[in-house]
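Reviewing the structure listed below.
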Amino acid sequence: MALAVGNLDTIELPMVPAEERRTLEVVIMLEVDQTAIGNLKAGKTPGPNGLPAEFLNRYSRLLIPYLLDLCREAQD
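The numbering used here puts the first residue of the sequence shown at 947, with every later residue one more than the last.
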């Protein structure tokens, strides 16, 4: 038995306003950054930025907004 698929282009789906979409993206990126920093292993050699995991973990709340800006610039 074949499934009948209608034309999806005719369905009107609600759109998320651009500003709200940007806010949602920031919230998701913030959570991802917090998780990534939290998963860094202590006592390891610092990466290319020279910042050890202990520093990033301790100051993550201060650093994450800057990291988000950096990620946004890299995407553009």
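We put the beta carbon where it would ideally sit given N, CA and C, even for glycine.
Open item on the list: With the cut-off set at 8 Å, would you say L1002 and L1009 are in Cβ contact?
Closed with: Yes, Cβ-Cβ distance for L1002 and L1009 is below 8 Å.
Task: Range of the contiguous alpha helix (DSSP H) that encloses T969 - done: DSSP places T969 in the uninterrupted alpha helix (DSSP H) bounded by A964 to G984.
TODO: For M961, I'd like the list of residues in its chain whose CB is within less than 7 Å of its CB, leaving aside the five on either flank, ordered along the chain.
DONE: Nothing meets the Cβ criterion.
TODO: Check P1011 in the structure and name its three-state DSSP category.
DONE: P1011 falls in the helix class under three-state DSSP.
Task: Residue closest to G984, alpha-carbon to alpha-carbon, out of P992, S1006, A1020 and T956 - done: Of the residues P992, S1006, A1020 and T956, the one whose Cα lies closest to the Cα of G984 is S1006.
Task: Where the alpha helix (DSSP H) through N995 begins and ends - done: Taken as a continuous stretch (DSSP letters only), N995 belongs to no alpha helix (DSSP H), as it is neither H nor E.
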